[in-house]
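Asker:
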Ligand code: FES
Ligand SMILES: [Fe+2]
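Residue numbers (our numbering), protein chains in the order written: chain V, 41 to 204; chain D, 27 to 451.
Structure (C-alpha cells):
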C-alpha cells in the first residue's frame with residue numbers, strides 16, 4: 041500500500057474527480073455504450089440494501105458483473121422495456137470527493153451523489169453515498185468497482201429506469 | 027351511517043360478476059377505499075410475516091394489517107403475537123425498529139412498558155391513576171394470529187374461522203408444494219425489495235394472477251435469459267398451464283406444470299444452466315440425490331399462488347401488497363432461500379431474485395410502469411368498464427373451482443367475487 045502522505049493527493053483528487061464527473065455526465069446523457077467501455081471485465085457495479093457489506097451473500101438492488109451490465113444496458117436500449125422507453129430523465133451532481141485508499145494500481149474514492157429524476161412531469165430526488173474503485177491503466181482510469189448506497193436503500197423506493 | 031352504506035349498496039355496478047366487468051371508480055374512489063380497509067382488511071386473515079423473519083425468542087418485525095401498523099413478535103415461549111404498534115397511553119408507536127430482538131417494548135413518550143405478549147407490565151408513577159387502574163385492560167391491542175407452514179397471518183376479526191379453514195385444503199397443498207423450494211432445508215427469508223407504486227391495491231391483486239401480460243411486459247427480461255430458460259417461461263405459447271379459482275378469493279396460476287412438484291422426476295439430468303452450481307454443491311460433499319434436489323429447488327416453483335387479499339407465492343418469492351391510499355400501494359418482493367443450505371445455492375437464488383425483482387430488476391420496473399399506467403388511464407372514460415372476462419368462454423369446472431386457460435382472468439374473477447362477498451356484509 042502506498043502511503044497516502046506520499047501521494048500527490050491534490051493532483052490525484054483532480055484526476056479522479058474529472059473521471060467521475062465524466063462518468064456521471066455519461067449516465068445523465070444515457071451514453072451507455074461508452075459507459076460499458078469504462079469498466080474492467082471483472083469489475084462489479086453494486087447497489088446494496090441496508091448497512092451490510094457482504095454483497096455476495098445479501099440481497100442487493102443490483103449486483104452486476106460484466107454480463108449483467110451488458111444485459112441491463114441492452115434492456116434499456118432495445119426499446120422493449122416499457123419503463124425505459126422512454127426512461128426518466130436525470131440530472132445528478134457528485135461531490136464531497138475523498139480519496140480513501142491508494143493500493144497498487146487501485147484507488148478508492150468516496151463521494152456523495154444527488155440525483156433528480158423526471159418522468160410523467162413528476163420529479164423525484166435521490167441521494168446516496170458512492171464508493172468508486174478506479175484502476176490505473178495506461179489508457180487512464182477504468183471503473184473496477186462502484187457501490188452506490190442510497191439513503192433508505194432498504195426502505196420503500198420506486199423503480200429506476202436509469203443508473204446511479 | 028345509513029347514507030354512507032347506501033353509496034356502496036350497488037355492488038353489482040362496481041363489479042358485474044356475470045359479465046366480469048369492473049367499474050372505473052373501483053380504482054379511484056377514496057370513500058370506497060376507506061370502506062375496503064374496514065370491510066376487507068379488518069375482517070379477514072392478512073399476511074404479516076414469515077417465521078424466519080423473527081426466528082428467535084424476543085425477535086420481532088414491523089408489519090401492517092391494512093392501514094394499521096403492527097408488531098409481529100415471538101415471546102419467551104416461542105408463541106407468536108401480533109399487536110397494533112400504538113401505546114395505550116397517548117398513542118405513540120412503541121417500536122420504530124423494522125426488525126430486531128428485544129425483551130420488551132417501552133414507549134418513548136412516558137415510559138409505559140409492554141411485554142412481548144403485548145401486556146402492560148409497568149408504568150412510571152402509577153399512583154396518579156388511582157387504585158382501580160387495571161393494567162390488564164391496557165395492553166397493546168392484539169390481533170388473532172395463526173401460521174401455516176411458516177407463513178404468519180393476523181386478523182382483527184376475533185370470530186373468524188381458523189386460518190387453515192380460510193385457506194382451504196387446495197391452498198394448503200400448494201403452500202406445501204411451494205415450500206419445497208427449501209430443497210430439503212427450511213425456507214428462509216433472505217431480504218426484500220420494496221417499492222411504492224401510484225396505483226390502487228386491486229391493480230396489484232389482479233397482476234399476480236395475470237399471465238397474459240408476461241410475454242409483453244417482460245419481453246426485455248426474457249431476452250436476457252438463456253434458451254432453455256426462455257423456453258420454460260414461454261408458458262403462454264405452450265398453453266399447457268391453467269388458472270383455477272381456489273375459493274375465498276384465492277387462486278392458482280400454474281405456469282410451468284412440470285414444476286408443480288419440485289420433488290417429482292428428480293432423476294432427470296441437471297439442466298445446463300445449473301451445472302456449475304451443481305459442481306460447486308457436489309464439491310461441498312453433498313450426495314448426488316441431495317445435489318439434484320437443491321439444484322431443482324434453486325430455480326423455484328412453477329406457479330403463482332395468490333391469496334386474498336395481500337400475498338402471493340410467486341414462482342420463487344413472496345409478493346406482498348400494502349394499501350396506502352386509494353392511489354398508492356406499497357409492494358414487497360421477499361427473497362427466500364435455504365436455511366442452512368449451501369452458500370452457492372443461496373447466492374444463486376439472490377442473483378436470480380435481483381435479476382427480475384425490485385427497483386433495479388429487469389422485470390419489476392416494467393410491472394410498476396404498467397400498473398401506474400392503469401391508474402393514469404382510469405382518469406379518462408369514467409363510464410367504461412375494466413374487463414376481467416378473458417377466458418370465460420372456455421372456462422371449465424376444475425377440482426376446486428372454475429379453471430381457465432393460463433392467460434384467463436379466472437384468478438381476478440375469484441378475487442373480485444370475494445371482494446364483493448366481503449363488501450356486502
Ligand atoms: S404515549 Fe406512550 S407512555 Fe405516553
Ligand atoms: Fe409482471
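Note that the Cβ used here is the ideal one computed from N, Cα and C, for glycine as well.
Only a predicted model underlies this, so the values are computations on that prediction, with no experimental measurement involved.
I need the boundaries of the beta strand (DSSP E) containing residue 185 of chain V, first residue and last residue.
Answerer: As a first step, residue 185 of chain V must be located in the first chain, where it is residue number 145. Per DSSP, residue 185 of chain V belongs to the beta strand (DSSP E) from 180 to 190.
Asker: So if I threshold CB-CB distances at 9 Å, which residues from the segment 389 to 417 of chain D count as touching chain V?
Answerer: Answer set for the segment 389 to 417 of chain D: 390, 391, 392, 393, 394, 395, 396, 398, 399, 402.
Asker: Per DSSP, which residues does residue 268 of chain D bridge with? Please list them.
Answerer: Here residue 268 of chain D is taken as the residue at index 242 of the second chain, counted from 1. Beta-bridge pairing links residue 268 of chain D to D:280, D:431.
Asker: Does any CB atom of chain D fall closer than 8 Å to the CB of residue 120 of chain V?
Answerer: Sequence index remark: in the first chain, residue 120 of chain V carries index 80 (1-based). Yes - at least one Cβ of chain D is within 8 Å of the one on residue 120 of chain V.
Asker: By DSSP, does residue 101 of chain D sit in helix, in strand, or in coil?
Answerer: Along the second chain, read from residue 1 onward, the residue named residue 101 of chain D stands at position 75. In the structure shown, residue 101 of chain D sits in coil (DSSP, three-state: anything other than H, G, I, E or B).
Asker: Is there a Cβ from chain V that is less than 8 Å from the Cβ of residue 59 of chain D?
Answerer: As a first step, residue 59 of chain D is located in the second chain; it is residue number 33 there, counting from the start. Taking Cβ atoms only, chain V never reaches closer than 8 Å to residue 59 of chain D, which makes this a no.
Asker: DSSP state of residue 51 of chain D, grouped into three classes?
Answerer: Sequence index remark: in the second chain, residue 51 of chain D carries index 25 (1-based). Residue state, collapsed to three classes: helix.
Asker: Could you name the residues of the same chain whose beta carbon sits closer than 8 Å to that of residue 323 of chain D, not counting the 5 residues immediately before and after it, in chain order?
Answerer: The sequence position of residue 323 of chain D within the second chain is 297, counting from 1. Closer than 8 Å at Cβ, skipping near neighbours: 206, 207, 208, 209, 210, 288, 364, 371.
Asker: Kindly say whether residue 103 of chain V, judged by its beta-carbon, lies nearer than 8 Å to any beta-carbon of chain D.
Answerer: As a working note, residue 103 of chain V is residue 63 in the first chain. Chain D, which has a Cβ nearer than 8 Å to the Cβ of residue 103 of chain V, makes this yes.
Asker: Report the three-state DSSP secondary structure of residue 28 of chain D (helix, strand or coil).
Answerer: Numbered from 1 along the second chain, position 2 holds the residue referred to as residue 28 of chain D. Any reading at residue 28 of chain D needs caution, since the residue's pLDDT is 44, under 50, leaving its predicted position unreliable; the model's value is listed next. In this structure, residue 28 of chain D counts as helix in the three-state DSSP scheme.
Asker: So which residues of chain D does residue 195 of chain V contact, with C-beta pairs closer than 7 Å?
Answerer: To locate residue 195 of chain V, count along the first chain from 1; it is residue 155. Going along chain D in sequence order, the residues near residue 195 of chain V (Cβ under 7 Å) are 220.
Asker: Kindly indicate if chain V contains any beta-carbon less than 8 Å away from that of residue 207 of chain D.
Answerer: Position 181 of the second chain holds residue 207 of chain D. Answer no: the Cβ-Cβ gap between residue 207 of chain D and chain V never drops below 8 Å.
Asker: Taking the alpha helix (DSSP H) that residue 445 of chain D falls in, what are its first and last residues?
Answerer: Indexing the second chain from 1 puts residue 445 of chain D at position 419. Start and end: 436 to 449.
Asker: For the segment 230 to 249 of chain D, which residues have a CB atom closer than 8 Å to at least one CB atom of chain V, in sequence order?
Answerer: Correct list: 243, 245, 246, 247, 249.
Asker: In chain order, what residues of the same chain have a beta carbon less than 6 Å from the beta carbon of residue 374 of chain D, not counting five sequence neighbours either side?
Answerer: Residue mapping note: residue 374 of chain D aligns to position 348 of the second chain, counting from 1. Excluding positions up to five away in sequence, the list reads 303, 324.
Asker: Rounded to whole angstroms, what is the Cα-Cα separation between residue 176 of chain V and residue 113 of chain V?
Answerer: Against the first chain, residue 176 of chain V aligns to sequence position 136. Against the first chain, residue 113 of chain V aligns to sequence position 73. Going by the C-alpha atoms only, they are around 25 Å apart.
Asker: Taking 7 Å as the cut-off, is the beta-carbon of residue 393 of chain D closer than that to any non-hydrogen atom of ligand 3?
Answerer: This structure simply doesn't include ligand 3; it includes ligand 1 and ligand 2 instead.
Asker: Determine the direct distance from the alpha carbon of residue 168 of chain D to that of residue 93 of chain D, and round the result to whole angstroms.
Answerer: Translated into positions along the second chain, residue 93 of chain D becomes position 67. Translated into positions along the second chain, residue 168 of chain D becomes position 142. Looking at the two C-alpha atoms, the distance is approximately 15 Å.
Asker: May I ask you to list, following chain order, the residues of the segment 351 to 364 of chain D that have a beta carbon less than 7 Å from some beta carbon of chain V?
Answerer: Listed in sequence order: 356, 361.
Asker: How far does the beta strand (DSSP E) with residue 132 of chain V in it reach, from first residue to last?
Answerer: Position 92 of the first chain, counted from the first residue, corresponds to residue 132 of chain V. Where residue 132 of chain V is concerned, the enclosing beta strand (DSSP E) stretches over 129 to 143.
Asker: Find the residues of chain V that neighbour residue 283 of chain D, judging by a C-beta separation of less than 9 Å, and give them in chain order.
Answerer: Against the second chain, residue 283 of chain D aligns to sequence position 257. Here the premise fails: no neighbours, minimum Cβ distance about 27 Å.
Asker: If contact means a Cβ-Cβ distance below 8 Å, which residues of the segment 367 to 383 of chain D contact chain V?
Answerer: For the segment 367 to 383 of chain D, which is checked against every Cβ of chain V, the residues closer than 8 Å are 369, 372, 373, 376, 377, 379, 380, 381.
Asker: Would you mind listing the beta strand (DSSP E) stretches within the segment 317 to 363 of chain D that are 3+ residues and don't spill past its ends, in chain order?
Answerer: Correct list: 329 to 333, 337 to 340, 343 to 351.
Asker: Can you pull the DSSP bridge partners for residue 131 of chain D?
Answerer: Residue 131 of chain D sits at position 105 when you count from the first residue of the second chain. Paired residue(s): D:140.
Asker: For ligand 1, enumerate in chain order all residues having a CB closer than 5 Å to any of its heavy atoms.
Answerer: Cβ-based neighbours of ligand 1 within the cut-off: D:113, D:115, D:116, D:118, D:133, D:135, D:136, D:138.
Asker: Using 8 Å as the limit for Cβ to Cβ distance, is residue 163 of chain V near chain D?
Answerer: On the first chain, position 123 is the one that residue 163 of chain V refers to. No, no contact with chain D.
Asker: Residue 95 of chain D CB to nearest chain V CB: under 8 Å?
Answerer: Stepping through the second chain from its first residue, residue 95 of chain D is reached at position 69. False, the Cβ-Cβ gap to chain V never drops below 8 Å.
Asker: Kindly list, in the order they appear in chain V, the residues whose Cβ is closer than 7 Å to that of residue 386 of chain D.
Answerer: As a working mapping, residue 386 of chain D is identified with position 360 in the second chain. Correct list: 87, 101, 102, 200.
Asker: Using the Cβ count rule (16 or more neighbours within 10 Å means buried), how would you classify residue 453 of chain D?
Answerer: There is simply no residue 453 of chain D to check, as chain D begins at 27 and stops at 451 in what is shown.
Asker: Are residue 140 of chain V and residue 124 of chain V touching if we call contact CB-CB under 8 Å?
Answerer: Here residue 140 of chain V refers to the residue found at position 100 when the first chain is read from its first residue. Here residue 124 of chain V refers to the residue found at position 84 when the first chain is read from its first residue. No, Cβ-Cβ distance for residue 140 of chain V and residue 124 of chain V is not below 8 Å.
Asker: If you measure beta-carbon to beta-carbon, which residues of the segment 70 to 97 of chain V are closer than 7 Å to chain D?
Answerer: Flagged, chain order: 87, 89, 96, 97.
Asker: Going along the chain, which residues of the segment 147 to 176 of chain V sit with their C-beta nearer than 7 Å to a C-beta in chain D?
Answerer: Here the close residues number zero.
Asker: In terms of alpha-carbon separation, which member of D:131, D:354, D:215 lies closest to residue 228 of chain D?
Answerer: For the purposes of this step, residue 228 of chain D is taken as residue 202 along the second chain, with counting starting at 1. Among D:131, D:354, D:215, the Cα nearest to that of residue 228 of chain D belongs to D:354.
Asker: Mind pulling the chain D residues with CB within less than 9 Å of residue 111 of chain V?
Answerer: Here residue 111 of chain V refers to the residue found at position 71 when the first chain is read from its first residue. Within chain D, the residues near residue 111 of chain V are 249, 250, 381, 388.
Asker: Could you pull the start and end residues of the beta strand (DSSP E) that residue 174 of chain D belongs to?
Answerer: Position 148 of the second chain, counting from 1, holds the residue named residue 174 of chain D. That run of the beta strand (DSSP E) goes 168 to 174.
Asker: Suppose the cutoff is 6 Å on Cβ atoms and the five residues either side in sequence are ignored; what does the same chain contact list for residue 300 of chain D look like?
Answerer: Counting from 1 along the second chain, the entry for residue 300 of chain D is found at position 274. Cβ neighbours of residue 300 of chain D beyond the five flanking positions: 321.
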